[in-house]
Amino acid sequence: MAEVKNKEARIGVFVCHCGTNIAGTINVEAVKEYARTIPNVVVADNYAYMCSTPGQNMIADAIKEHNLTGVVVAACTPRLHEPTFRNATAAGGLNPFRFEMANIRDQNSWVHMHQPEEATEKAKDAIRIAVAKASLLEDLIPKSVPVEKAAMVVGGGVGGMQAALDLANAGIKTYLVEKSPTIGGRMSQLDKTFPTLDCSQCILTPKMVDVYRNENIELLTYTEVESVEGYIGNFDVTLRKKARGVLTPAEAEARGIVGGGCTGCGDCATVCPVIKPNPFELGMAPRKAIYIYHPQVSPLIYTVDFDACVKCGLCVEACGEKKAVDLDAQDELITVKVGTAILATGYDIFPIEKKFEWGYKNYDNVITSLEFERLICASGPTGGHLVRPSDGETPKRIAFVLCAGSRDNTGVGRPYCSRFCCMYSLKHAHQIIEKIPGAVPYIFYMDIRSFGKMYEEFYYRIQNEGAKFIRGRVANITEDPVTKNLHVNAEDTLLGRPIDMEVDMVVLAAAIQPAAETERTRRLFGVSCSQDGWLLEAHPKLNPCGTTTAGVYLAGVCQGPKDIPDTVAQAEGAASAASIPIHRGEVELEPYFAQCIEEKCAGCGLCVNQCPYQALSLVEKDGRKVMQVTEAKCKGCGTCGGFCPGGAIWMQHFATPQIVAQIDAFLLGGEQ
Amino acid sequence: MADENWKPKIIAIICNWCSYAGADLAGGARIQYPPDIRAVRVMCTGRIDPLFILKAFQDGADGVLVSGCHFGDCHYLEGNYKAAKRMFLLKSVLKNIGLDDKRLRMTFVSASEGAKWGMVMSDVVKTINELGPSPLKEFAR
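Same order as they appear, the protein sequences are chains A and B. Under our numbering, the first residue of the first sequence carries the number 1, and numbering increases by one thereafter. Under our numbering, the first residue of the second sequence carries the number 1001, and numbering increases by one thereafter.
What follows is the structure, encoded as structure tokens:
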């Protein structure tokens, strides 16, 4: 282990053209010829696509023919094809960890396209560096660990619910964690869904009931993730069950209250004297301090808002013999063990008042699209009658401002397309034409992005129904102080002239952004995010549900804006991916473990505190103290190895002699 | 003093999860930057023994770049904090032995910051070009 055994290293080098991706910039023939001169290299070859079957066969054949001890492929990036070439190395009868990759595409030919000579020199150096490491690589055996037969889904919107249902129906115990008192998410706030005009609640509530009734799903509403420990197959997730103040029938029974617990009758809310704005209705309707968000909540259990509650006890009285209300409830921490986890944390609405020129929150009759959804919804605060907030009148002329905060490079809004605003605004236009006789929707747009199945047809339908489309970005909106009507100022870019249009109401199709808790949650699970804060998938094309943290997957808008069908499809993909390790029963961990070189270890114990995973400990051996590694806990970061003052830690696959050999090969090896 | 044909020799030791991925992303986006830097991949910047960097300078490196995840984003929770502490200490050592501490640089580039990687590359090369060859070069080999 401590001593590198490959004294007679025999390395094969394979240079990939990647079509013209590499060969168009780098002189691959010259690189191959150079590779033949590098010490320890016994064979060097090149091929159009090393990752193809013939390319992989070249590697396997060369290992056998030349009795190779190591393989170097100069091609794309190990983040893409290291597994491919490890398999090819294994097919040749060599331990797969005797493979090293030189990145001459993503970090060379693609970034030095106009400097072919320098790029060729850089490729030669990269191969020399890789050969130096490959000459010192050793056989490693991956460690198999068992996978806990349970999964967790964080977020109870339509994506999280679908993922949980799929996992549960595949026979996997699933914990569905939702921060609010009910599942349903954003979709439960919508009225109709485009382009089919299905009622959102009508298609969502059966799913909510399925989730609630599924015996494999443990539904944890009003619960947040507190901490995450462990790795794929063995995550220990600590959850904070926030004090709900109301007992479920099961909880009541556990306390010995026979036939008790919340039945959702609502007697408590009737007597509650505290009135607060209801966040589900975006503050447009009241709720009590003991409340349910809306009539279709699942589970149908009331919740006490302890920030608002005055603890008068009227609700306790009203509840009577059911004894469901417990005003002394405390938060509770529970820890569950899961094999894999899916994040489906969804989105928030961009605070569109930041685009002050449109007057949201200053002008009464400027509302957001989500507020429009609640106002037009039959179960909403106005019973489905669209009214002006200023005077309760029915608006006749309604302007829709698309890309409100989306596709905005001013630095105030968001640079990306929020993807579903065009379509729901078309649906809103349809709804007012249908519901309000004589009403005209004016849609101010940049482009109409009707990309989905039957979406373009829906766009034509709305045009024919009489909606007016004006291509132009709204510059500003002003309010008539007397009538509270609004003047929309824009340029009609098709006619090439400015417009000042008086309307009764303006609906801003506000951008979306990652939900507020996403940042905290992603850090707990070790998931990266893109510049906009959306969670980062393992590969944008080929692994859109996975993350770089093994065993953690993504579903829905938390990964990037998408509509309901795309969210559900991704949730099903994530559920499938998350079930694979569970059904296999075990996973292989990359064997990049730390090892103690006992002859060198002084037993100082400084490394023990460096390890973030408590994988190191000091043990007595032959009358002295030495460090010992618990491999199942070691994740292979090498922080201990970077710190040990005695050089007594051997990091498998990233050992000190291997890294120093790379440094030397670059700086000393070139012109020898 | 500097050789007309001198070109900087710069080594970058970068973490697998953020900076290496960010460098790959720069490639995907075809962001062009100077070709003077060679990369060595480690799983985490926490792996980087300060002796690696001293070895590189001893070998005649004109500059060393260490690049990892942003604070709070480390794939291994806190390896980048530890690396940053070590680099901070090492910079003061370099200064004390008479080597300009600008020759050692630590940056934080995430997996989504391809453009930033390109800027870091250009900036490091510019800095080392301004500093000229390492005074330790004659000790190399």
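We put the beta carbon where it would ideally sit given N, CA and C, even for glycine. This structure is a prediction, so every number in the text was calculated from the model and none was measured.
Query raised in the report: Who are the Cβ neighbours of V1066 of chain B in its own chain at under 8 Å, not counting the five residues just before and after it?
Result: Counting only residues of its own chain and dropping the five nearest sequence neighbours on each side, V1066 of chain B has a CB closer than 8 Å to the CB of A1012, I1013, I1014, T1045, I1048, I1053, A1083, M1087, L1104, R1105, M1106 and T1107.
Report task. Could you work out which residue in A:V325, A:E33, A:K179 and A:T567 is closest to I127 of chain A when comparing CA atoms only? Result -> Closest option to I127 of chain A, Cα to Cα, is A:E33.
**Report entry** Residue environment, T483 of chain A, which counts as buried when at least 16 other CB atoms sit within 10 Å
**Finding:** With a 10 Å radius around the Cβ and a threshold of 16 neighbouring Cβ atoms, T483 of chain A comes out exposed.
Query raised in the report: How do the segment 523-531 of chain A and the segment 549-565 of chain A stand: do at least 3 beta-carbon pairs fall below 8 Å, yes or no?
Result: Result yes; three or more Cβ-Cβ pairs closer than 8 Å.
Report task. Could you tell me whether the Cβ atoms of K241 of chain A and E332 of chain A are closer together than 8 Å? Result -> It is a contact, given that the beta carbons lie within the stated cut-off.
Requested in this report: Using the Cα positions of W689 of chain A and P1034 of chain B, report the straight-line distance between them to the nearest angstrom.
Outcome: As shown, chain A starts at 1 and ends at 672. That puts residue 689 of chain A outside it, with no answer to give.
Report task. In the DSSP assignment, find the unbroken alpha helix (DSSP H) run with T89 of chain A in it and report its ends. Result -> Start and end: P78 to A91.
**Report entry** Length of the line joining the Cα atoms of H487 of chain A and G346 of chain A
**Finding:** Those two C-alpha atoms are separated by around 34 Å.
Query raised in the report: Is Y360 of chain A helix, strand or coil by DSSP?
Result: In the structure shown, Y360 of chain A falls within a strand segment according to DSSP collapsed to helix, strand and coil.
Requested in this report: Taking only beta carbons into account, state which residues of the segment 507-532 of chain A come closer than 8 Å to chain B, listed in chain order.
Outcome: R523, G526, S528, C529, S530 and Q531: these are the residues of the segment 507-532 of chain A whose beta carbon lies less than 8 Å from some beta carbon of chain B, given in chain order.
Query - Run of the beta strand (DSSP E) containing C604 of chain A, from where it starts to where it stops - result: From DSSP, C604 of chain A is part of no beta strand (DSSP E); its letter is neither H nor E.
Query raised in the report: Among A:F400, A:R407, A:N365 and A:V401, which has the Cα closest to the Cα of V387 of chain A?
Result: Among A:F400, A:R407, A:N365 and A:V401, the Cα nearest to that of V387 of chain A belongs to A:N365.
Query raised in the report: Straight-line CA distance for N95 of chain A to I11 of chain A?
Result: Going by the C-alpha atoms only, they are around 13 Å apart.
**Report entry** Contained alpha helix (DSSP H) runs [length at least 4] in the segment 107-136 of chain A, N- to C-terminal order
**Finding:** If you keep only unbroken alpha helix (DSSP H) runs of at least 4 residues inside the segment 107-136 of chain A, you get 116-134.
Query raised in the report: If you measure beta-carbon to beta-carbon, which residues of the segment 1076-1088 of chain B are closer than 8 Å to chain A?
Result: Under the 8 Å Cβ criterion, the segment 1076-1088 of chain B contributes Y1076, L1077, E1078, G1079, K1082, A1083 and R1086.
Requested in this report: Give me the Cα-Cα distance between I342 of chain A and G233 of chain A, rounded to the nearest whole angstrom.
Outcome: In this structure, the straight-line span from the alpha carbon of I342 of chain A to that of G233 of chain A is close to 13 Å.
Requested in this report: With DSSP as the reference, label L1094 of chain B as helix, strand or coil.
Outcome: Here L1094 of chain B carries a helix assignment [DSSP, helix/strand/coil].
Query raised in the report: Using a C-beta cutoff of 8 Å, does P612 of chain A count as contacting chain B?
Result: Contact of P612 of chain A with chain B is assigned, a C-beta pair being separated by under 8 Å.
**Report entry** Interface flag, E118 of chain A vs chain B, CB-CB below 8 Å
**Finding:** Taking Cβ atoms only, chain B reaches closer than 8 Å to E118 of chain A, which makes this a yes.
Query raised in the report: Within this structure, are the beta carbons of E479 of chain A and P381 of chain A separated by less than 8 Å?
Result: Result no, Cβ atoms of E479 of chain A and P381 of chain A do not sit closer than 8 Å.
Report task. Have a look at G1063 of chain B and S617 of chain A and give me their C-alpha separation to the nearest angstrom. Result -> Going from the Cα of G1063 of chain B to the Cα of S617 of chain A covers about 37 Å.
Report task. Check each residue of the segment 589-611 of chain A: if its Cβ is closer than 7 Å to any Cβ of chain B, include it; give the result in chain order. Result -> Those would be Y592 and Q610, in chain order.
Requested in this report: Indicate whether the contact test is met: 3 or more Cβ pairs, each with one atom in the segment 569-582 of chain A and one in the segment 146-164 of chain A, closer than 8 Å.
Outcome: As far as the Cβ criterion goes, the segment 569-582 of chain A touches the segment 146-164 of chain A, which means the pair count is three or higher.
Requested in this report: Would you kindly report the start and end of the unbroken beta strand (DSSP E) that includes V660 of chain A?
Outcome: For V660 of chain A, no beta strand (DSSP E) run applies; the uninterrupted alpha helix (DSSP H) run containing it begins and ends at T656 to L667, by DSSP.
Query raised in the report: S311 of chain A: buried (16+ other C-beta within 10 angstroms of its C-beta) or exposed?
Result: Note that residue 311 of chain A is Lys in the sequence shown, not Ser. Counting Cβ neighbours within 10 Å, K311 of chain A comes out exposed, since fewer than 16 surround it.
Query raised in the report: At a Cβ cut of 9 Å, what residues of the segment 1030-1044 of chain B count as close to chain A, listed as they run along the chain?
Result: So the list reads R1030, I1031, Q1032, Y1033, P1034, P1035, D1036, I1037, R1038, A1039, V1040, R1041, V1042, M1043 and C1044, given in the order they occur along the chain.
Requested in this report: For K633 of chain A, I'd like the list of residues in its chain whose CB is within less than 6 Å of its CB, leaving aside the five on either flank, ordered along the chain.
Outcome: So the qualifying residues of the chain are Y613 and A615.
Query raised in the report: Who are the neighbours of H112 of chain A on chain B, taking C-beta pairs under 9 Å?
Result: Per Cβ cutoff of 9 Å: Q1032, Y1033, P1034 and P1035.
Query raised in the report: What residues are listed by DSSP as bridge partners for A510 of chain A?
Result: Looking at the DSSP output, A510 of chain A sits in a beta bridge with A:A404.
Query raised in the report: Can you list, in chain order, the residues of its chain whose CB lies under 8 Å from that of V1042 of chain B, leaving out five sequence neighbours each side?
Result: So the list reads I1013, I1014, C1015, N1016 and I1048, once near-sequence residues are dropped.
Query raised in the report: A1056 of chain B bridges to which residues according to DSSP?
Result: According to DSSP, which records beta bridges pairwise, A1056 of chain B is partnered with nothing at all.
Query raised in the report: According to the neighbour-count rule (16 or more other Cβ atoms, all chains shown, within 10 Å of its Cβ), is H114 of chain A buried or exposed?
Result: Using a 10 angstroms sphere on the CB of H114 of chain A, the tally of other CB atoms stays under 16, which defines it as exposed.
Query raised in the report: Using the rule of at least 16 other Cβ atoms within 10 Å of the residue's Cβ for burial, across every protein chain shown, is W1006 of chain B buried or exposed?
Result: Flag for W1006 of chain B reads exposed.
**Report entry** Cross-strand partners of W650 of chain A (DSSP beta bridge)
**Finding:** Partner(s): A:Q595.
Query raised in the report: If we ignore side chains and look at the alpha-carbon of each, how far apart do M1001 of chain B and V1093 of chain B end up?
Result: For M1001 of chain B, the pLDDT reaches just 49, beneath the cut-off of 50, and the residue's location in the model is therefore unreliable, although a value from the coordinates is still provided. Between the alpha carbons of M1001 of chain B and V1093 of chain B lies a gap of roughly 26 Å.
Query raised in the report: Using a Cβ-Cβ cut-off of 8 Å (strictly less than) and excluding sequence neighbours within five positions of Y222 of chain A, which residues of its own chain qualify?
Result: Exclusion of the five residues before and after Y222 of chain A leaves E178, K179, S180, P181, K241, K242, R244 and T303 as the residues of its chain whose Cβ lies within less than 8 Å of its Cβ.
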